[in-house]
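As they're listed, the protein sequences go chains R and S.
Just add 8 to wherever you are in the first sequence, counting from 1, and you've got the numbering used here.
Just add 245 to wherever you are in the second sequence, counting from 1, and you've got the numbering used here.
Cβ atoms here follow ideal geometry from the backbone N, Cα and C, with glycine treated the same way.
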Amino acid sequence: MLRIACPWCGPRAEIEFSYGGEAHIALPEAADALDDAAWAQYLFMRTNPKGRHLERWVHTHGCRRWFNVVRDTASERIAAVYQPGAEPPEDAR
Amino acid sequence: MAELARDDRLRQGAGISIAERPARACIDLRGDVTDARFVHAVESVTDLRPPSQGLAAASGLLASLLWLGPDEWLVVSETQASGELCARLRQALRGVHAAVTEVGDARIVYAVAGPNARDVFAKGCPLDLHPRAFRPGQCAQTLLGKVSVLIHQVGQDPAYEVYVARSFADYAWAWLVTAAGEYLDGSEGK
Ligand SMILES: [Zn+2]
């Protein structure tokens, strides 16, 4: 089980959290004008890296706030957590 | 004992006691803790400043403010009428960006106290309740078995209060009694 440091509550067990997929996926401008391929690209296509991944988590059973995590998908090491709307820390490798 | 809401909701042993507490005022309060007007207004009603740190609770004679999130607190009081406290908060917060919502009917509070209290929680609560990590006066939302709870440590002994959604109250009670089974009086042969 991961120990995830909620930016507001501190380190907690993974079962208190829910995973929210890759972070920084912005809704395209003029989304209603997209064709099916472009809409599918936005909805479904993700980077799915082996290694450093920027992802969203929500502290479901704690403060119920969303935040971002820098996690290595191979080692499970969490390099950083940061608040929604913020850019990932430079040194989070 | 007279203050217990239901006499069937009391289990005891040498090192543990679990009991349902009487209904109390619970008000969900949201606002900006960096806004001095918000802090002033809350203080004028409760005599307490909303704690800005996670895990923190502020307790006074009138009420307690339990931290729920960076802009959210649970105002609880065993002495104030819920509707009246709610109205006074709303009055004080007029013109301030804030939300005041009565939620007391949606909560049940269980008191869990005694030297074995941590052993009971350890059977299904991922929160670290060791004294070096969690102290009297602190509160945290976490899991108990499969349900979300708010745990507030109210005594050194240790003594805790567990806030549960009413719809999960029977589950949480059964979970606590089962987890405490080996420490309860008359557990032999049950
Ligand atoms: Zn949290």
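Inset, instruction - Could you work out which residue in S/Gly260, S/Ser262, S/Gly359, S/Asp292 is closest to S/Phe321 when comparing CA atoms only? - result: Looking at the sequence provided, one finds Val at residue 321 of chain S rather than Phe. Ranking the options by Cα distance to S/Val321, first place goes to S/Asp292.
Legend entry - Distance cut-off 7 Å: S/Trp418 Cβ against heavy atoms of ligand 1: The answer is no for S/Trp418.
Legend entry - Inter-residue spacing [alpha-carbon to alpha-carbon] between S/Ala270 and S/Ser327: Using only the alpha carbons, I get a separation of about 4 Å.
Inset, instruction - Please work out which residues of its chain come closer than 6 Å, Cβ to Cβ, to S/Gln298, disregarding the five sequence neighbours upstream and downstream, and give them in chain order. - result: No residues qualify anywhere along the chain.
Inset, instruction - Report yes or no: do three or more beta-carbon pairs, one from the stretch 11-27 of chain R and one from the stretch 68-81 of chain R, lie closer than 8 Å? - result: Touching, yes, given that three or more Cβ pairs across the two stretches are closer than 8 Å.
Legend entry - Stretch-stretch touch, CB-based, cutoff 8 Å, three pairs: the stretch 422-429 of chain S with the stretch 376-387 of chain S: The stretch 422-429 of chain S, when compared against the stretch 376-387 of chain S, does not touch it at the 8 Å Cβ threshold.
Inset, instruction - Using 10 angstroms around the beta-carbon of R/Glu22, count the other beta-carbons present and answer buried if the total reaches 16, otherwise exposed. - result: Around the beta carbon of R/Glu22, fewer than 16 other beta carbons sit within 10 angstroms, so the residue counts as exposed.
Legend entry - Limits of the unbroken beta strand (DSSP E) element including R/Leu10: Run containing R/Leu10: none; DSSP gives neither H nor E here.
Legend entry - S/Gln386 burial status per 10 Å Cβ neighbour count (16 or more: buried): By the neighbour-count rule (16 or more Cβ atoms within 10 Å), S/Gln386 is buried.
Inset, instruction - Give the interface partners of S/Pro315 over in chain R, defined as CB-CB distance under 8 Å, in chain order. - result: Residues of chain R whose Cβ lies closer than 8 Å to the Cβ of S/Pro315 are, in chain order, Trp16, Cys71, Arg73.
Inset, instruction - Run down chain S in chain order and give the residues with a C-beta less than 7 Å from the C-beta of R/Ile33. - result: Scanning chain S for C-beta atoms nearer than 7 Å to the C-beta of R/Ile33 yields nothing, as the closest lies near 24 Å away.
Legend entry - Opposing strand residues paired with R/Gly18 [DSSP bridges]: When beta bridges are read from the DSSP output, R/Gly18 appears opposite R/Cys14.
Inset, instruction - Step through the CB atoms of chain R and report whether any lies within less than 8 Å of the CB of S/Glu248. - result: For S/Glu248, the pLDDT reaches just 49, beneath the cut-off of 50, and the residue's location in the model is therefore unreliable, leaving the point undetermined.
Legend entry - Alpha-carbon to alpha-carbon, S/Ala404 and R/Trp74: Rounded to the nearest angstrom, the two C-alpha atoms are 31 Å apart.
Legend entry - Interface residues of the stretch 364-384 of chain S facing chain R [CB-CB below 7 Å]: Sequence-ordered contacts of the stretch 364-384 of chain S with chain R read Pro371 [C-beta pairs closer than 7 Å].
Inset, instruction - Please determine, among S/Ala281, S/Glu323, S/Leu319, the residue with the shortest C-alpha to C-alpha distance to S/Asp273. - result: Cα-wise, what sits closest to S/Asp273 is S/Leu319.
Legend entry - R/Leu42 to S/Val394 span [Cα, whole Å]: Cα-Cα distance, rounded: 43 Å.
Inset, instruction - Identify whether R/Asp43 lies in helix, strand or coil by the three-state DSSP scheme. - result: Coil, per DSSP.
Legend entry - Opening and closing residue of the alpha helix (DSSP H) in which S/Leu330 lies: For S/Leu330, the enclosing alpha helix (DSSP H) begins and ends at 327-337.
Inset, instruction - With 8 Å as the threshold, decide whether the Cβ of S/Thr387 is near any Cβ in chain R. - result: Chain R contact via Cβ: present.
Legend entry - Rounded C-alpha distance that separates S/Val354 from S/Pro295: Taking the straight line joining both Cα atoms gives about 21 Å.
Legend entry - Reduced DSSP category for R/Thr81 - H, G, I as helix; E, B as strand; rest coil: Here DSSP, grouped into helix, strand and coil, assigns R/Thr81 to coil.
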